[in-house]
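So the number in my numbering is just where the residue sits in the first sequence, counting from 1, plus 38. Report on one structure; see the data block that follows.
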Amino acid sequence: MNLYKYVSEAINNKLGFEAKLDVPKNRDFGDFSTNAAMVGAKNAGKNPRELANEYLPLLKELDFVADVSIAGPGFINIKIKDDFILQNATAPKQMVSEKPLTIDMDYGAYNVAKSLHIGHLRTSIVGDTFNRITKFLGHKTFSWNHIGDWGKPMGLIIAWIERLHPELPYFQNDFDPSKPVDYEIDEKELNNYYPQASALSKTDSVFQARAQEIKAKFQAGHPGYFALYEKFLAISLRTMNNTVKRLNILPFDYDLGERNAAKYLEPVEKILREKNMIVEDDGAQIINVKRDTDNAPIPPYMWRDSRGADTYDSTDLAAVYCRKLKDNPDTIIYFTDLRQSLHFEQLFRAADMAGIYPYDKFEHIGYGTINGKDGKPFKTRDGNAAGLDDIIDIANEAVSARVAESGKKLDSETIKTIALAAVKFNDLLHDVKSDYIFDPSSITSFEGKTGPYILYTAVRLNSVLKRAGAQISKPEQFELSTEERNLLIEIMDFERTILSAYENRATDMIANYAYDLCQLTNNFYHNCPILRDDIPENIKAGRLYIAKLAFDTLATAIDLMGLKIPDEM
RNA sequence: GCGCCCAUGGCUCAAUUGGAUAGAGCAACAGAUUUCUAAUCUGUGGGUUGCAGGUUCGAGUCCUGCUGGGCGCGCCA
39 MNLYKYVSEA INNKLGFEAK LDVPKNRDFG DFSTNAAMVG AKNAGKNPRE LANEYLPLLK
99 ELDFVADVSI AGPGFINIKI KDDFILQNAT APKQMVSEKP LTIDMDYGAY NVAKSLHIGH
159 LRTSIVGDTF NRITKFLGHK TFSWNHIGDW GKPMGLIIAW IERLHPELPY FQNDFDPSKP
219 VDYEIDEKEL NNYYPQASAL SKTDSVFQAR AQEIKAKFQA GHPGYFALYE KFLAISLRTM
279 NNTVKRLNIL PFDYDLGERN AAKYLEPVEK ILREKNMIVE DDGAQIINVK RDTDNAPIPP
339 YMWRDSRGAD TYDSTDLAAV YCRKLKDNPD TIIYFTDLRQ SLHFEQLFRA ADMAGIYPYD
399 KFEHIGYGTI NGKDGKPFKT RDGNAAGLDD IIDIANEAVS ARVAESGKKL DSETIKTIAL
459 AAVKFNDLLH DVKSDYIFDP SSITSFEGKT GPYILYTAVR LNSVLKRAGA QISKPEQFEL
519 STEERNLLIE IMDFERTILS AYENRATDMI ANYAYDLCQL TNNFYHNCPI LRDDIPENIK
579 AGRLYIAKLA FDTLATAIDL MGLKIPDEM
């Protein structure tokens, strides 16, 4: 049961108006409070406490109310009956939305032939958790991995391979796509090609020009380049798949990126031309998206660069067109780096002006940077920009060391599970918008507010439940201890939290909730022994029931965060 | 220069979107295990919420101005 919702509706019915219900920061005040008397006092021409006094008898009539009182300037504090809590607490279940929406989510955005870097971490983790939450609430989602598989890097990589192996048939005029080519690319080598080529292009203008030429021919359908591209694309897709598995995120509904979007450039251009939106400027074709009301200059949207090539701007707009056709979503949400805000503002305006998709149905959730302890973007010990694998490796090493130190013996799968939880929970814990500091040494400690703490709590509960073995059913009335009561109330707050996390696009809410739930659980665990001989049967049954509810609730939260509960730790 | 974002104990972060005595974790110190996993639990100290005004019953939260920091501003994605 969503206790907040239940109580709120009952109170509104009783009072005959919408009273804003709060959960007091200080639990000593009560389970709920409302400032209705303070808000209404002015209109009623009464002082708040006086008005509150008029509401009291009505609220006392509600059958779940144990106590109502007035405090401070006119707050009404409400305490719920223990037995009502015990009898109505339930573990969360997949919900059915009254107004199910179709939502397109764009996250991940992995690149072909470029290993994933630390920036991919947040888009993957936050996007995935938001996707899971949205599904849990009963909405329909489509996740899009908008792969970078069409732009300048493709030209650079092909040019680089040409430089290494100019004799390959891909580069000959008589290339025949039907004949197999005896050439295999090593995955590790492939990951080096782009950085190497990119570096060279900055110092060697001949090579740079060659890469640009190749990019243009490639996009125009050059058969040799395309065959080579297909070869390294296949390797990259496999790598991406491994990443998805390694991060334990849901498989994408679409692994379709720029190349797919490029197919829709033609119909989009037709629309843009009909509306006279494309303007020639300085050799490039641009779309003017500025408005009179802007208080800052908004640069134009680049439809085609001065060499006539597709751009990030054009494929992104075409991608919107494609999604509208395929999914017809109520909303399109992008999870990317905060620094791309201006790009998305431009995209949303362009799409709106073209009548492809309305401005106010787009959302861009920009996340901050993951920094090192020095406050600058996180780097590995050797001073390089950290790759996604580096982060996971660092966490794995730390967990291994911690386990060895404790004398426990855990298999490598369990260690990986714990390490991933450390990284993901830490990421989810922070407000998406703000930068955060990734400190490997605090990951090493695993004390307190960490992923391992969350998992440990679940493992402990699970251990008791397994040991108990007995059938667990709703107990008869028994006197709740403070720990039992607080835990049950938190369990009944799950739905409100998830809804709030969804509405605010704030995945950190679920991480913070999971932590609070764990604290209360460990409190309960410590103070309320279950399987001890001196515990009366009725209390034993009651505590087992509460432990089961806590476990199921925690397990749901853990699942929504994309973590896994190990068997032991 | 213009625009967006941020500033909360020594450190890292919260604060139900305007509510009551600003909460957690780390670090420090003191304690708890004949008992279901001590990666746990309990306690202590630590704050003029960057500065100055304003709005109101009430401000960390909203408005204005400063100071300090991050980011962005046409052919990268």
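Here a beta-carbon is modelled for each residue, glycine too, at the ideal position from N, C-alpha and C.
Identify, in the order they occur along the chain, each residue of the same chain with its Cβ nearer than 7 angstroms to the Cβ of LYS602, setting aside the five sequence neighbours on each side. By 1-based counting over the first sequence, the position of residue 602 is 564. Cβ neighbours of LYS602 beyond the five flanking positions: ASN286, THR455.
Only counting the same chain, and skipping five residues up and downstream in sequence, which positions put a Cβ closer than 8 angstroms to that of VAL134? Counting from 1 along the first sequence, the entry for residue 134 is found at position 96. Hits under 8 angstroms: GLY176.
Using CA coordinates, which residue listed in THR277, LEU41, ARG87, LEU89 is at the minimum distance from PHE70? The residue given as residue 70 occupies position 32 in the first sequence. Out of THR277, LEU41, ARG87, LEU89, LEU41 has the C-alpha closest to the C-alpha of PHE70.
Under the assumption that THR545 contacts VAL470 (Cβ atoms under 8 angstroms), give the Cβ distance between them as a whole number of angstroms. As a working note, residue 545 is residue 507 in the first sequence. As a working note, residue 470 is residue 432 in the first sequence. About 6 angstroms; that satisfies the 8 angstroms criterion.
For PRO396, which of VAL358, ASP365, LYS364, ASP477 has the nearest alpha-carbon? By 1-based counting over the first sequence, the position of residue 396 is 358. The residue with the shortest Cα to Cα distance from PRO396 is VAL358.
Mind the definition here: the stretch 139-159 touches the stretch 93-110 only if three or more C-beta pairs lie below 8 angstroms; say whether that holds. no
Strictly by DSSP, which residues pair up with PHE113? On the first sequence, position 75 is the one that residue 113 refers to. DSSP output for PHE113 lists ALA109 as bridge partner(s).
Could you give the first and the last residue of the continuous beta strand (DSSP E) run that contains GLU401? Sequence index remark: in the first sequence, residue 401 carries index 363 (1-based). Element bounds for GLU401: 400-405.
Taking the alpha-carbon of GLU528 as reference, which of LYS578, GLU541, LEU555 has the nearest alpha-carbon? Position 490 of the first sequence holds residue 528. Comparing Cα positions, the closest option is LEU555.
To which residues of the same chain is GLN250 closer than 7 angstroms at the C-beta, ignoring the five residues directly before and after it? Working through the first sequence from its first residue, we reach residue 250 at position 212. Same-chain partners within the cutoff: GLY193, ARG345.
According to the Cβ coordinates, are ILE596 and GLU522 closer than 8 angstroms? Walking along the first sequence from the start, residue 596 turns up at place 558. Walking along the first sequence from the start, residue 522 turns up at place 484. No, these two residues do not count as a Cβ contact at 8 angstroms.
Pull up the distance between the alpha-carbon of LYS313 and that of ASP319, whole angstroms please. Reading the first sequence from its first residue, position 275 is the one you call residue 313. Reading the first sequence from its first residue, position 281 is the one you call residue 319. Each residue's alpha carbon lies about 17 angstroms from the other.
Please name the residue in PRO204, ALA265, GLN515, PHE168 whose C-alpha comes closest to that of SER216. Position 178 of the first sequence, counted from the start, is the residue given in the question as residue 216. Out of PRO204, ALA265, GLN515, PHE168, ALA265 has the C-alpha closest to the C-alpha of SER216.
Which two residues bound the contiguous alpha helix (DSSP H) that contains ARG31? Residue 31 lies beyond the residue range present for the chain, which begins at 39 and ends at 607; the question has no answer from this structure.
CA-to-CA distance, ILE141 to ILE316, given in whole angstroms: Within the first sequence, numbered from 1, the residue matching residue 316 stands at position 278. Within the first sequence, numbered from 1, the residue matching residue 141 stands at position 103. Going from the Cα of ILE316 to the Cα of ILE141 covers about 29 angstroms.
What number of angstroms, rounded off, separates the C-alpha of GLU307 from the C-alpha of ARG387? Counted from its first residue, the first sequence places residue 307 at position 269. Counted from its first residue, the first sequence places residue 387 at position 349. Computed Cα separation, rounded: 16 angstroms.
Please say whether ALA549 and MET599 have beta carbons closer to each other than 8 angstroms? Reading the first sequence from its first residue, position 561 is the one you call residue 599. Reading the first sequence from its first residue, position 511 is the one you call residue 549. Yes, the pair counts as a contact, with Cβ atoms nearer than the cut-off.
Best match in ARG570, LYS447, THR482, GLU451 for proximity to ILE429 [C-alpha to C-alpha]: What you label residue 429 is simply residue 391 of the first sequence in a count that begins at 1. Out of ARG570, LYS447, THR482, GLU451, THR482 has the C-alpha closest to the C-alpha of ILE429.
Give the straight-line distance between the Cα atoms of LYS117 and MET530, rounded to the nearest whole angstrom. For the purposes of this step, residue 117 is identified with residue 79 of the first sequence, where counting begins at 1. For the purposes of this step, residue 530 is identified with residue 492 of the first sequence, where counting begins at 1. Computed Cα separation, rounded: 15 angstroms.
Would you give the residue range spanned by the alpha helix (DSSP H) that PHE209 belongs to? Sequence index remark: in the first sequence, residue 209 carries index 171 (1-based). Element bounds for PHE209: n/a, residue is neither H nor E.
Determine, using beta carbons only, whether PHE174 and GLN132 come nearer to each other than 8 angstroms. What you label residue 174 is simply residue 136 of the first sequence in a count that begins at 1. What you label residue 132 is simply residue 94 of the first sequence in a count that begins at 1. In contact: PHE174 and GLN132 (Cβ atoms closer than 8 angstroms).
Under 8 angstroms between the Cβ atoms of LEU159 and ASP431? Looking up residue 159 in the first sequence gives position 121. Looking up residue 431 in the first sequence gives position 393. Not in contact: LEU159 and ASP431 (Cβ atoms no closer than 8 angstroms).
Please state whether DSSP places GLY68 in a helix, a strand or coil. Here residue 68 refers to the residue found at position 30 when the first sequence is read from its first residue. Three-state result, GLY68: coil.
Rounded to whole angstroms, what is the Cα-Cα separation between VAL461 and PHE484? Here residue 461 is taken as the residue at index 423 of the first sequence, counted from 1. Here residue 484 is taken as the residue at index 446 of the first sequence, counted from 1. So the two alpha carbons sit approximately 11 angstroms from each other.
Determine the DSSP secondary structure at ILE223, reduced to helix, strand or coil. Within the first sequence, numbered from 1, the residue matching residue 223 stands at position 185. Note: ILE223 maps to coil in three-state DSSP.
For the putative contact between MET143 and PHE382, defined by C-beta atoms under 8 angstroms, what is the C-beta separation to the nearest angstrom? Counting from 1 along the first sequence, the entry for residue 143 is found at position 105. Counting from 1 along the first sequence, the entry for residue 382 is found at position 344. In fact, because the Cβ distance is near 14 angstroms, the residues do not count as touching under 8 angstroms.
Please report the distance separating the alpha-carbon of ASN81 from that of LEU96. Here the question's residue 81 lines up with position 43 in the first sequence. Here the question's residue 96 lines up with position 58 in the first sequence. Spanning the two alpha carbons is a distance of roughly 20 angstroms.
Is GLU92 closer than 8 angstroms to LYS52 when the C-beta atoms are compared? Locating residue 52 in the first sequence gives position 14, counting from the first residue. Locating residue 92 in the first sequence gives position 54, counting from the first residue. No.
Which value, in whole angstroms, describes the spacing of the CA atoms of ALA552 and ALA129? Residue mapping note: residue 552 aligns to position 514 of the first sequence, counting from 1. Residue mapping note: residue 129 aligns to position 91 of the first sequence, counting from 1. Going by the C-alpha atoms only, they are around 14 angstroms apart.
To the nearest angstrom, report how far apart CYS566 and GLY580 are at their CA atoms. Residue numbering aside, residue 566 sits at position 528 when the first sequence is read from its first letter. Residue numbering aside, residue 580 sits at position 542 when the first sequence is read from its first letter. Their backbone Cα atoms lie some 11 angstroms apart in a straight line.
What distance in whole Å lies between the Cβ atoms of TYR221 and TYR263, which are believed to be in contact at a cut-off of 8 angstroms? Numbered from 1 along the first sequence, position 225 holds the residue referred to as residue 263. Numbered from 1 along the first sequence, position 183 holds the residue referred to as residue 221. TYR263 to TYR221, Cβ: 14 angstroms. No contact.
Let me check one thing: in DSSP terms, what residues is PRO415 bridge-paired to? Within the first sequence, residue 415 is the residue found at index 377, counting from 1. Bridge partners of PRO415: ASN409.
Mind checking whether ALA300 and ILE252 have CB atoms under 8 angstroms apart? The residue you call residue 300 lines up with position 262 of the first sequence. The residue you call residue 252 lines up with position 214 of the first sequence. Their beta carbons are not under 8 angstroms apart, which means ALA300 does not touch ILE252 by this criterion.
For ILE141, list the residues DSSP reports as bridge partners. As a first step, residue 141 is located in the first sequence; it is residue number 103 there, counting from the start. Beta-bridge pairing links ILE141 to THR179, THR369.
Taking only the alpha-carbon atoms, compute the straight-line gap between PHE213 and LYS328 and give it to the nearest angstrom. Counted from its first residue, the first sequence places residue 213 at position 175. Counted from its first residue, the first sequence places residue 328 at position 290. Going from the Cα of PHE213 to the Cα of LYS328 covers about 47 angstroms.
Use the C-beta contact count for ASN183: other C-beta atoms within 10 angstroms, 16 or more gives buried, fewer gives exposed. Here residue 183 refers to the residue found at position 145 when the first sequence is read from its first residue. Answer is buried; the Cβ neighbour count reaches 16.
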